[in-house]
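Encoded as structure tokens, the structure appears first; notes follow it.
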Amino acid sequence: MNSLSRRFLISVGLMSLVVTILGSIGAFVVFQQELTNRQISYLSDYVRERSSNIDKRFTNLSNLHKAAGVELERRMNHLSDADVERLTDDYFPAKGDGTRRSRDDLFDGHLTASGRWVYGIGGFLSQADTASIADRRALTAALSVVSDFGQAARSEYDNFYFFQAKPTRLVMFGPDRPDRLMFYRHEAPASLDVSKEEMAQITLPRNDPARVTRCTNLQRLIQDNKGERLATGCLTPAYVNGRYVGSFGSSIELTGFFLNAIRNTLPGASNLVVTGKGELIAYPGFGTPGRASEDTVADYERKLSLKILVKAIRKDGQMHGVIDSPDGRQVVAYGRLAGPDWYLLLTYPKSAIALSAAKSASWVLTLGAIASLIQTLLVVALARRTIVWPLRQLAGDCEPEIYGVRDRRPDRSDVSKIERRTDEIGVLANALRGEREKVEEVLANLEDRVRDRTAELERANAEKSRFLANMSHELRTPLNGVIAISETLAAQQKTQKSRELAELIVSSGRLLEQVLTDILDFSKIEAGEIQLSYETFDMQAIVRRIAELHRASAESKGLEMSWTVADAARGAFVGDQVRLTQVLSNLLSNAVKFTPAGAVRLAVTQEGGQVCFAVTDTGIGFDDAVKARLFGRFQQADGSITRRFGGTGLGLAISRSLVELMGGAISVESTPGVGSAFTFLLPLETAQAVDATAAIEAEQGFDLSGCRILLAEDHPTNQKVVQLILQSVNVEPEIVENGQLALDRLKAERFDVVLMDMEMPELDGLSATRLLREFETVNALPRTPVIMLTANAMDEHVRAGREAGADQHLSKPIRAQALIETIVHAILAAEQAQGDREVA
């Protein structure tokens, strides 16, 4: 019984559970989003602080350059022309190639007359003989300035220099350079010209009218011909008495300072430094210190879409902020380095942020689950006590089986307590008691009448049963003798003609026996107890047999008997051939009986997916009044029909009931004196007959011995048919009754082929095949061939099987040869596909 109390408790519990769970999920989502926003805000603050610290380094460098420019102007103003000539010869001895280069002891270490220790200096002056006194004054003064300021800032910057672009003249402090400034002191060619380099152009008055510090893009060092050492140069123009005399600068390689900026980051994050144009300056693990090749940098810029990212940052217009990466997988916090117009970027995976926030917020779900369980239990307990238990007691008092124990009612004292309640349940309890008392009184009066009526009906039914039993006994006794003798005669006949006549007697006897059985089953038809037996039959064979059965009686009256089966209606079908034979026999028998002259015809066609059977005659016919009652029980056209032709009047009633039971409909058209046409439609499915001979031939052509075949089929008859076919080729299939069992076996074992029924209990064949393909894909397993065996033969059923992952489709009933050939084809195709994968 569908218990109201159970449904009520389940509904209340589920609603409480769902509401609490939804609330917990909502709180979890809100809290997770808040934690995510906090983490992103923390990333932004972190980058803001780091970028500010880095930017200070460039600000300090700019201040260093400007202070050096002021000191250069002061020292130049104190140098006389004679001092300039003397110091030029002293600091920069002339070389034979037209250049002047610094003395080696200025790099190794030299104590000046004034007591100053000079070291780490390298100088190069091209076209030295053509240098004006003003240029030489600037260069000689710059040497002392570069030495003093370079030594003072050595802990922050490993180089400091002054240079003039055209012609190229440079004085550099770089004691820690691996090449010991040998390039400028000895190796640089006399023709060295950097006037077209970016470092020479950016500080020219026309390019830097504001006289501010500017930094170059990432580029190789001048002295590095291989391009393996990349650096940026930050330069500030130097003006003396309003005239541009050169520039102070420092080169910053991708080592040291940048290593610290990149390596010191948050766990799981990556730091980058890029230019305002999206060119990469520093990145995680950018190689051996001091070795970041141009190819490596270009590769990183392409992979990270830096140009697109920086373009979006510039469009944002903020000094600091957070933005998504172009591919949407990273959160990028950025901070602008105003000095060189660079950006410090911190990238962090979005998935990591979401996972971290989810872990932190998971306690919300945990508490929500506990709270939902407790709340559900409390609500269910309260509802059970105040509503469900009283209702169950009242229901049990009315119907003991509801209470749980047959023939036992609840304790009357419990029901009385409920009746004393003043709420709606108490009112209901009192109303039920009053109605029950009324019903008991009515039932007491009806019991005697029902008892008498029941006894009367039982007596009538017993009389009917005795009549039918006697009739069956009296008819079957001689009929059994007729059938037995005719079967013996048929087996002993030597000629084809005599054998056909004997078999006709056998068929007539069997049909008579079936008609007798149908008459006895008429009561079952009315009670809905008749059962159909579906099996495969050949349409032409059954039509020929029925027509030939009635040909003799037709010819004895001088009637022409003919039958036809349209091409579309030929072949094998699935249905109850016994019931079909009975209906056709009834119609043909009536047609012959009521046709005094002319012809009787049986035609079978196919219309709209149904098989149409039409029996026409040139008999006496009947009018519409007769037609209206023709299919009733014990009905004939009129009393004269009974007197002239006899009969019980059950034939057409039985025929209509059987046709409707088989899912069809019967109709009739008739004209008095012209004839009648009885037509009925049946939805019969086409099939293929099982051919044992074909199975033997297939066995000779194919060797399936040793193959493991799994059959998923819930119908025992179909299981037996497939088993017999496969046993003929030395294969014993393993059989399961539904798709779930098949899926379990396929997950645990490997089979060569699966034969899958489409409609099965628990899990149908389509779903099982679809889940099998998902399992194979997830676990990277070879594809197991699946062949659909089903009575569903329409195109949409075939497409559904293919979409689910089936390899082949066979319609029931199954031809042995077709099944074996399909299995062989599927195995060979699977082996070929596996071989192709192994070769690949």
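Just add 293 to the spot in the sequence shown (first one is 1) and you have the working numbering.
Don't be surprised by glycine CBs; every beta carbon is placed ideally from N, CA and C.
None of these values were measured; they are calculated from a predicted model.
Check	Outcome
Whole-number beta carbon distance between E1067 and R1076, since they are thought to touch under 8 angstroms	With 8 angstroms as the limit, R1076 and E1067 do not qualify as a contact, their Cβ atoms being about 12 angstroms apart.
Cβ contact check for the segment 840–859 and the segment 952–962: 3 or more pairs under 8 angstroms	no
Where I414 sits in the DSSP three-state scheme	strand
Residues that DSSP places opposite Y335 in a beta bridge	Paired residue(s): none; Y335 is not in a bridge.
Proximal residues to T898 (C-beta, below 6 angstroms), its chain only, five neighbours per side dropped	A859, A862 and C905
Which of helix, strand or coil DSSP assigns to Y532	strand
Spatial distance of K519 from E480 (CA atoms)	Any reading at K519 must be qualified, since the residue scores a pLDDT of 48, below 50, and its modelled position is unreliable; no value is offered.
Under the three-state DSSP convention, the category T1115 falls into	helix
Distance, P530 Cα to V505 Cα	7 angstroms
Three-pair Cβ contact test at 8 angstroms for the segment 491–510 versus the segment 463–479	no
Helix, strand or coil at P683 [DSSP, three-state]	helix
Assigned exposure category for V323 - 16 Cβ within 10 Å defines buried	exposed
Which of helix, strand or coil DSSP assigns to N346	helix
Presumed contact (8 angstroms Cβ cut-off) between G902 and A884, rounded CB distance	Contact doesn't hold; Cβ gap of about 27 angstroms is too wide.
C-alpha distance - A320 paired with N1072, whole-angstrom precision	36 angstroms
Inter-stretch contact (C-beta, 8 angstroms, three-pair minimum) for the segment 454–461 and the segment 402–413	no
Spatial distance of V603 from T496 (CA atoms)	25 angstroms
Close-in-space but distant-in-sequence residues of the same chain around G248 (CB under 6 angstroms, 5 per side omitted)	Past the edges of the chain, shown from 294 to 1133, lies residue 248, and the structure says nothing about it.
Identity of the residue in R746, C508 and T461 nearest L485 by Cα	T461
From F866, D469, G944 and L923, residue whose alpha carbon lies closest to that of S878	G944
I934 versus L974 - alpha carbon distance	Residue placement at I934 is flagged as unreliable, the pLDDT there being 45, under the threshold of 50; a coordinate-derived value is accordingly withheld.
Simplified DSSP assignment, three categories, for G306	helix
First through last residue of the beta strand (DSSP E) which encompasses Y384	No beta strand (DSSP E) contains Y384, which is instead part of the alpha helix (DSSP H) from D374 to Y384.
Short Cβ contact (8 angstroms threshold) for A907 with A1005	no
Stretch-stretch touch, CB-based, cutoff 8 angstroms, three pairs: the segment 401–408 with the segment 418–433	no
Segment limits, alpha helix (DSSP H) that includes P619	From DSSP, P619 is part of no alpha helix (DSSP H); its letter is neither H nor E.
Candidates V538, G362, R1043 and L1048, of which the one nearest E1030 by Cα	L1048
Under 8 angstroms between C-beta atoms of L1019 and L825	no
Rounded Cβ spacing between T640 and Q668 (contact assumed at less than 8 angstroms)	With 8 angstroms as the limit, T640 and Q668 do not qualify as a contact, their Cβ atoms being about 44 angstroms apart.
Simplified DSSP state of Y477, which is helix, strand or coil	helix
Neighbourhood of L436 by C-beta, 6 angstroms cutoff - its chain only, sequence neighbours within 5 removed	Y384 and V464
S373 versus R393 - alpha carbon distance	20 angstroms
Residue from T1062, M1051 and L1017 with nearest C-alpha to L1039	T1062
For E978, the residue or residues it bridges with in DSSP	V867
Nearest residue (CA-CA) to L794, options K710, L1074 and L842	L842
Residues sharing a beta bridge with R462, DSSP	L418 and Q457
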